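J.:
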Amino acid sequence: MDIHWYPGHMARTRRQIIEDLKLVDVVIEVLDARIPSSSRNPEFNKIAGQKPRLVVLNKSGLAESEKTRLWLEHFRASGFCAAAADALQGRGMREIPALVRELAAPIMAALAASGRRPRAPRCMVLGIPNVGKSLLINRLVGRSAARTGDKPGVTRGRQWIRVAGNIDLLDTPGILWPKLEDAEAAFRLAATGALKDEAYDFYAVAGKLVHWLAENHPDALKERYKLDQLPSGQEELLEAVGAARGYYLSGGVIDTIKSARILLKEFREGRLGRYTLDEPPYSGTASS
Ligand SMILES: Nc1nc2c(ncn2[C@@H]2O[C@H](COP(=O)(O)OP(=O)(O)OP(=O)(O)O)[C@@H](O)[C@H]2O)c(=O)[nH]1
Ligand SMILES: [Mg+2]
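Going by my numbering, the first residue of the sequence shown is number 15, and it counts up by one from there.
#1: Compare the Cα-Cα distances from A274 to each of L149, I189, Q248 and report the closest residue.
#2: May I have the straight-line CA-CA distance separating R238 from N72, to the nearest angstrom?
#3: I'd like to know whether the C-beta atoms of I151 and L125 end up nearer to each other than 8 Å.
#4: Under the three-state reduction of DSSP, which class applies to Q103: helix, strand or coil?
#5: Please state the DSSP three-state secondary structure of R176.
#6: Verify the contact flag: T206, CB atom, against every heavy atom of ligand 2, threshold strictly below 7 Å.
#7: Does the distance from the CB of L68 to the CB of I32 come in under 8 Å?
#8: Is any non-hydrogen atom of ligand 1 found closer than 7 Å to the C-beta of V177, if you look at the structure I gave you?
#9: From the DSSP output, which residues share a beta bridge with N72?
#10: Can you tell me which residues form a DSSP beta bridge with V168?
#11: What do you reckon, is the C-beta of D185 under 7 Å from a heavy atom of ligand 2?
#12: Out of curiosity, what's the CA-to-CA distance linking D185 and P245?
#13: Do G188 and ligand 1 come close, with the Cβ less than 7 Å from some heavy atom?
#14: If you draw a straight line from the C-alpha of L113 to the C-alpha of V70, how long is it?
#15: Let me know if G265 comes out buried or exposed under the rule of 16 or more other beta-carbons within 10 Å of its beta-carbon.
#16: Looking only at its own chain, which residues have a Cβ that is under 7 Å from the Cβ of G256, when we skip the five neighbours before and after it?
#17: Find the nearest neighbour of S79 within the set I49, I142, L251, judged by alpha-carbon distance.
#18: Can you tell me which of L140, N55, S51, L84 puts its alpha carbon nearest to the alpha carbon of V40?
#19: Which whole-angstrom value is the C-beta distance of V224 and L190, which I expect to be below 8 Å?
#20: When burial is assigned at 16 or more other CB atoms within 10 Å of the CB, is A96 buried or exposed?
#21: By alpha-carbon positions, which one of D34, Q103, R131 ends up nearest to Q173?
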């Protein structure tokens with residue numbers, strides 16, 4: 015799978031983030047609950063490692079609950095404060111400001127002790143593209159303060175937003191890291207929608223995905239597309255989906271490109287079921 019995924023603006027954003035980190039007390043690292051490990055930017059530990067951090071597993075409504083629980087356990091065992099959320103469903107929204115305030119409390123206390131004027135805790139929201147940073151912020155503030163969208167790269171510049179109850183949140187554009195060595199992680203990022211369309215071969219990703227579903231969750235695939243049996247190859251599976259849905263080109267040829275697009279879209283929307291693609295490490299034993 016050929017992935018070109020480090021456009022110049024990400025390098026600029028990364029520099030801006032490093033600059034802005036000096037201004038904030040706490041970092042919220044938003045991960046995709048379907049891929050808590052693949053959606054982790056390994057650079058964040060380097061650039062934000064010193065700040066108190068809350069790890070939020072967002073889109074948890076699209077992930078397997080038990081695996082989300084195990085992932086939370088893993089992050090906590092690794093020393094992070096961690097919470098699950100679903101910004102679309104509005105779940106987990108009360109817990110986050112409370113945890114941010116808790117993490118910021120020692121800094122606020124130190125400020126007060128040094129006689130400085132009290133101010134709201136400042137919190138940067140970090141994460142790879144499309145994990146729901148901006149929607150999470152909107153949910154926390156209870157209005158559409160930040161622009162959101164169902165594709166990566168919606169937030170272009172930084173933006174401060176104040177939450178009622180006194181936290182200042184900094185929305186940031188999603189960034190990836192320059193080199194992706196792990197092809198499996200690249201596939202999971204593409205399948206869940208973290209990469210721009212131009213950055214990957216959607217047909218190859220849909221092919222791999224339909225094959226993964228056929229191997230691991232055949233009943234979900236059969237039920238969604240009303241298939242009695244599943245052929246074995248990727249191409250044949252996309253053909254079966256296209257035939258079942260009536261995606262034909264002139265001459266009776268099945269439009270497998272359309273099948274691929276629809277399959278990816280429906281998978282991302284959770285219409286094929288809730289899946290956690292990254293297996294949680296054994297609880298309590300893993301390092302960060
Ligand atoms: N199902 C589900 N969808 C979500 C959730 N959070 C965000 N989304 C959707 O995911 C898409 C991306 O949301 P954004 O908030 O724009 O993502 P972002 O992280 O700000 O993305 P960039 O600005 O591109 O880095 C939108 O279509 C949201 O509606 C969630 O918790 N559950
Ligand atoms: Mg955004």
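Glycine included, each C-beta is placed from N, C-alpha and C at the ideal position. As the structure is a prediction and not an experimental result, all values here were calculated from the model.
T.: On the basis of the coordinates in this document:
#1: Counting from one through the sequence shown, the residue named residue 274 turns up at place 260. If we check each option's Cα against that of A274, Q248 comes out closest.
#2: Here residue 238 refers to the residue found at position 224 of the sequence shown. Here residue 72 refers to the residue found at position 58 of the sequence shown. Each residue's Cα considered, the two are about 25 Å apart.
#3: Here residue 151 is taken as the residue at index 137 of the sequence shown, counted from 1. Here residue 125 is taken as the residue at index 111 of the sequence shown, counted from 1. Contact: no.
#4: The residue you call residue 103 lines up with position 89 of the sequence shown. Of the three classes helix, strand and coil, the one that applies to Q103 here is coil, per DSSP.
#5: Here residue 176 refers to the residue found at position 162 of the sequence shown. Three-state result, R176: strand.
#6: Here residue 206 refers to the residue found at position 192 of the sequence shown. No, Cβ of T206 sits at least 7 Å from all heavy atoms of ligand 2.
#7: Residue 68 sits at position 54 when you count from the first residue of the sequence shown. Residue 32 sits at position 18 when you count from the first residue of the sequence shown. Not a contact, by the Cβ cut-off of 8 Å.
#8: Counting from one through the sequence shown, the residue named residue 177 turns up at place 163. Checking every heavy atom of ligand 1 against the Cβ of V177, none is found closer than 7 Å.
#9: Translated into the one-based positions of the sequence shown, residue 72 becomes position 58. Paired residues: D46.
#10: Counting from 1 along the sequence shown, the entry for residue 168 is found at position 154. The partner list for V168 (beta bridge, DSSP) is empty, contrary to what the question assumes.
#11: Residue numbering aside, residue 185 sits at position 171 when the sequence shown is read from its first letter. For ligand 2, at least one heavy atom lies less than 7 Å from the Cβ of D185.
#12: For the purposes of this step, residue 185 is identified with residue 171 of the sequence shown, where counting begins at 1. For the purposes of this step, residue 245 is identified with residue 231 of the sequence shown, where counting begins at 1. Answer to the nearest angstrom: the Cα atoms are 45 Å apart.
#13: On the sequence shown, residue 188 is found 174 positions in, with the first residue counted as 1. Because some heavy atom of ligand 1 lies under 7 Å away, the Cβ of G188 counts as near it: yes.
#14: Residue mapping note: residue 113 aligns to position 99 of the sequence shown, counting from 1. Residue mapping note: residue 70 aligns to position 56 of the sequence shown, counting from 1. The alpha-carbon atoms of L113 and V70 are separated by roughly 11 Å.
#15: Here residue 265 refers to the residue found at position 251 when the sequence shown is read from its first residue. Exposed, since its Cβ has fewer than 16 Cβ neighbours within 10 Å.
#16: Here the question's residue 256 lines up with position 242 in the sequence shown. For G256, where only same-chain residues beyond five positions count, the Cβ hits under 7 Å are I268, D269, T270, K272, S273.
#17: Taking the sequence shown and counting its residues from 1, the one referred to as residue 79 is at position 65. Nearest C-alpha to S79: I49.
#18: The residue labelled residue 40 in the question sits at position 26 within the sequence shown. It is L140 whose Cα lies nearest to the Cα of V40.
#19: Locating residue 224 in the sequence shown gives position 210, where the first residue counts as 1. Locating residue 190 in the sequence shown gives position 176, where the first residue counts as 1. 25 Å between Cβ atoms; not a contact.
#20: By 1-based counting over the sequence shown, the position of residue 96 is 82. So A96 ends up on the buried side.
#21: If you number the sequence shown from 1, residue 173 lands on position 159. Ranking D34, Q103, R131 by Cα distance to Q173 puts D34 first.
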